[in-house]
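Each protein sequence line maps, in turn, to chains A and B. Mapping of the first sequence onto UniProt numbering: position 39 corresponds to residue 39, and the numbering continues sequentially without gaps. Mapping of the second sequence onto UniProt numbering: position 342 corresponds to residue 342, and the numbering continues sequentially without gaps. Think of the CB as a built atom: it goes at the ideal place given N, C-alpha and C, for glycine as much as any other residue.
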Amino acid sequence: MDQTFVARLRILADAAKYDASCASSGAPKRVAGANGLGSTTGGAICHAYTPDGRCISLLKILMTNYCLYDCAYCINRRSSNVRRARFTVEEVVKLTVAFYKRNCIEGLFLSSGIVRSADHTMEQMMLVARRLRHEENFAGYIHLKAIPEASPWLIEQAGLWADRLSINLELAAERSLERLAPEKNGGSIRAAMGQMHERIAQAQEEKRHFAPAGQSTQMIVGADDATDAAVLGASATLYRAYALKRVYYSAFSPIPEASRALPVKPPPLQRENRLYQADWLLRCYGFTVEEIAAGGEGGMLDLEIDPKLAWALKHRDRFPVDVNRADKEMLLRVPGLGTRAVESILRTRRHRTLRLDDIGRLTSGLKRLLPFLIAADHRPVRLTDRLDLRRRLLQPARQLSLF
Amino acid sequence: MALVHLADGADLAGFRRAIRRLVAAGAAPEDVIWRSGEDGDLFGAGSADFVGTDAADFVDGGEAGPAPPLALPRVVGAAVEAVVCHRDPERYALLHRLIWRVLHGERTVLEARSDPLVHRLAGMQQAIRRDIHKMHAFLRFRRVTAESGERFVAWFEPEHFILEAVADFFADRFPGFAWSILTPVGSLHWDGAALDFGPPGTRGAAMPDDSVETAWRAYYEATFNPARLNPTMMRSEMPKKYWRNLPETQAIPHLIRTAPSRVTAMLEKEAAMPLKRNPDKAVAALPDQAPKSLAELNRIIAASEPLVPGATRAVLGEGPVGAALAFVGEQPGDQEDLQGRPFVGPAGQLLDRAMAEAGIDRTEAYVTNAVKHFKFEQRGKRRIHQKPTAGEVRHYRWWLMRELDFVHPRLVVALGATAVLALAGKALPIARCRGEARLEGRPGFITVHPSYLLRLPDEDARHAAYAAFLDDLRHVRAILERRPAS
Ligand code: SF4
């Protein structure tokens, strides 16, 4: 591959790295035909990790980082001084196939700055996906970032080839969007999400292929003054109204030559982490946004401890919980017990009475759950009432961070 | 005391044969020593009552003949399949203990996750799953050019004996070209049709130059965000033992070292003046994306993929732009699909006849369909037309509306329920709404589809229906004459 191509690849990968969606999960299991290439396994396969601890599952690039828009939080905005580059449809297809054949990636995540028109941009992305499927017989994963202002028919064509479509909401509050992304419009973003949701549901009913891995979105955290509760509230609405598969949170990251409209200091990365944990509680543990928010202060999550522990510490009257008797809902609320551990407990419970060493074999969070759980040979004596419980639970984390 | 000697690696077949025989003989786990090829000569065979140098000798030899197969719960079978892949020299003995307990009153022992044996086996299974997962993830092919064309080779050092366990994954994923996976304990080869296991390979044999690696390394470096440095996290997911066979990991030390200075440089650069770009011009260019003419729209339609695959081509509308009258049907049929023109099949011919009788000149009218692609079910040689779903109608609606905007007829005739759904945006009963109607702001007229007339079974009904249809068309003509062009 020649030098200039690699140089453009660097620019267009660098420009795409701020998008948090990278997973290749959710597509139906699929294998390539005799002359094809690729498969999807249902789960995500991360082929590498970069030193920022994030995984590489997909080739995540932009078609171009030229953009007509001027979103303040984005390095590709038209007023930014970055170097620009573009790929042709052909080049993206070739690159995806080349990396895939070497088993470097699970597929492609393609996004783009908006050039010429929304339709033109969307069409380029759609054509990449179509060529991969048609001409390369590519059965790997394809995720396209839809342009909400593009004509509906183009987004729909894209859905024929992509496994997942996403539209980034970026900012939960309409007024932040107005201030920081003047050309974007919350209304058209939501309308496009609604349209997509309808098409996906229909295709499922009619057993047609249309973005079978559903749609997702991303919100940038820390670029405006939205609280965690507001962000999670927006997510809960998106999950409910448009059946989104995932909401990704991206802590606003310093970018070269940031716009003056932005906060000088980026938010702590821990905030993003807490939001993901809270998102899990929302989707898999039966928590409501209000309950999660109640674990923190003033609509912000506790940065020192995870939201489940935060909730438990504020609801000590609900603990300790008897591991041999409590129902599933309450077990799921015990800090240190994940969904898997709870499943194991429920299964094992049918055969024997659980003691501490039993639980130790079912979860790695034993230390953390001691104050909250009653077992056959363990009863936390007023531990839950201790004033310094929070500090005691924090300690191990502090020690860990010394290494 | 019995000594069982199994082959190198994951000898599932050998273990199965042996365990059948042992169970048939009532041998308890504590009376058996398991040994596999890679163990070397750790145990002397001194006190053994019977010894086999090979599983087959030991198990099937002698007068006993082959032992009957064992009926084990499925989860136990799955555990056996996984655990034999583990490197632990005790793996066969542990499995024997598990099976012994299952057969002696503890059928559901695997459900007691906290049982020490179950816990240990679960840990081994997890280790195997992880090893397999990492091999799926961290194996890298390199391209070599052989005389026979492209070939890809990979070198991987799995922790356990998982080569056979991953074979299907790679065969499913890379069916279209030849490849080889070399490991220190065996190799796997695919020639485009069949899998073949071979002897161990060497690392050097999988190290050709591959120029794509340069691009891959560039991608890896560029996708790293120095502002989020977190090497601990990276190492926990991608342990160092895998690094030496991953081309991209060479970049890691440099990336970590330079990250802080890159971030500082980034933050300092903040004060730079943004490039001047004229926003008005750029933004003014934006909305300019809708097709500007019917021809342009038709190009888009023709280039689009059918929602349901199968159609030969998109069948576009026909007739003059500015026609006073537009007819909208359902979707192209077999004939229309082959000829690429609307209303040329039997229903179209019937429509022609009725139009002529009603005094409407087809060449002056615009004729089109709500859905632009033929959808069918193949039955023998025949392609049987299938009604479009509501979702498909909605998908094509955007085009139909643009199309009618360009033609701008004074009256749109909806032929049948699908056309009504497309034009009105909702389903309406034809029988009740037949006649003049507003169709989302357009002056319209609702009637039946001519194919409905063809489908009526009895002659009298057909005649009556045709007469009613003709009446409708005469009515349409009268409306046009009453309402002169503005
Ligand atoms: S539209 Fe906004 S967020 Fe997207 S590339 Fe352009 S400037 Fe960046």
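* Asked: Where DSSP assigns a beta bridge to Glu150(B), which residues make up the other side?
  -> Thr145(B)
* Asked: Can you find a C-beta in chain B that's less than 7 Å from the C-beta of Gln202(A)?
  -> yes
* Tell whether a beta-carbon distance below 7 Å holds between Leu229(B) and Asp52(A). => yes
* **Same chain only: Cβ atoms within 7 Å of Cys85(B), ignoring 5 sequence neighbours per side** => Ala10, Ile128, His160, Phe161, Ile162 and Ala165
* 9 Å Cβ cut-off: residues of chain B touching residue 412(A) -> The shown model of chain A, from 1 to 403, leaves out residue 412(A), and the question about it has no answer.
* What separation, rounded to the nearest whole angstrom, lies between the Cα atoms of Glu318(B) and Tyr366(B)? -> 6 Å
* Should Tyr69(A) be listed as close to ligand 1, given that the test is whether its C-beta is under 6 Å from any heavy atom? -> yes
* Asked: Using a C-beta to C-beta distance shorter than 7 Å, which residues of chain B count as neighbours of Ala181(A)?
  -> Under the 7 Å cutoff, chain B gives no residues; its nearest Cβ is about 13 Å from Ala181(A).
* Grouping DSSP H, G and I as helix and E and B as strand, with all else coil, what is Phe319(A)? -> coil
* Buried/exposed call for Phe197(B), threshold 16 Cβ in 10 Å -> exposed
* **Cβ neighbours of Arg190(A) in the same chain (closer than 7 Å, five flanking residues each side left out)** => none
* Asked: Buried or exposed: which applies to Met300(A), given that a residue is buried once 16 or more other Cβ atoms fall within 10 Å of its Cβ?
  -> exposed
* Cβ neighbours of His378(A) in the same chain (closer than 7 Å, five flanking residues each side left out) -> Leu356
* Asked: So which residues of chain A does Ser211(B) contact, with C-beta pairs closer than 7 Å?
  -> Met1
* **Lys60(A): first and last residue of the uninterrupted beta strand (DSSP E) it sits in** => Leu58 to Leu62
* Identify which residue in Ser24(A), Leu362(A) and Tyr73(A) has its Cα closest to the Cα of Ile56(A). => Ser24(A)
* Within the segment 158 to 219 of chain B, note down every full beta strand (DSSP E) run reaching 3 residues or more, in order along the chain. => 178 to 183, 186 to 190 and 195 to 198
* To do: Have a look at Ala419(B) and Arg83(A) and give me their C-alpha separation to the nearest angstrom.
  => 51 Å
* Check the DSSP bridge columns for Met219(A) and list the partner residues they point to. => Glu170(A) and Tyr249(A)
* Asked: Cβ of Trp311(A) within 7 Å of Cβ of Gly296(A)?
  -> no
* Asked: Do you know offhand how far Leu402(A)'s Cα is from Thr232(B)'s?
  -> Residue placement at Leu402(A) cannot be trusted, given a pLDDT of 34 that sits under 50; what the coordinates show is reported in the next sentence. Using only the alpha carbons, I get a separation of about 12 Å.
* To do: Using the Cα positions of Leu325(B) and Ala229(A), report the straight-line distance between them to the nearest angstrom.
  => 57 Å
* Member of Thr217(A), Gly233(A), Ser112(A) and Ile374(A) whose CA lies at the smallest distance from the CA of Gln124(A) -> Ser112(A)
* Asked: For ligand 1, any of its heavy atoms closer than 6 Å to the Cβ of Asn81(A)?
  -> no
* Short Cβ contact (7 Å threshold) for Val153(B) with Ser180(B) -> yes
* Asked: So which residues on chain A does Thr389(B) lean against when the C-beta distance must stay under 8 Å?
  -> Gln202 and Glu206
* Asked: Under 6 Å from any heavy atom of ligand 2, does the C-beta of Asn76(A) make it?
  -> By its list of ligands, the structure shown excludes ligand 2, since it contains just ligand 1.
* Compare the Cα-Cα distances from Ala28(B) to each of Leu95(B), Ser261(B), Ala314(B) and Asp210(B) and report the closest residue. => Leu95(B)
* **Residue span of the beta strand (DSSP E) that contains Asn369(B), given as start and end** => Tyr366 to Asn369
* Report yes if the C-beta distance between Ile167(A) and Pro148(A) is below 7 Å; otherwise report no. => yes
* To do: Tell whether a beta-carbon distance below 7 Å holds between Ala206(B) and Asp191(B).
  => no
* Asked: So, are the CB atoms of His143(A) and Arg164(A) less than 7 Å apart?
  -> yes
* Could you check what DSSP says for Met122(A) in three-state terms: helix, strand or coil? => helix
* Asked: How about Val371(B) and Pro388(B): do their beta carbons lie closer than 7 Å?
  -> yes
* What residues from the segment 301 to 314 of chain B come within 8 Å of chain A, judged by C-beta to C-beta, listed N to C? -> Ser304, Glu305, Leu307 and Val308
* Taking just the CA atoms, how far does Val476(B) sit from Ala465(B)? -> 17 Å
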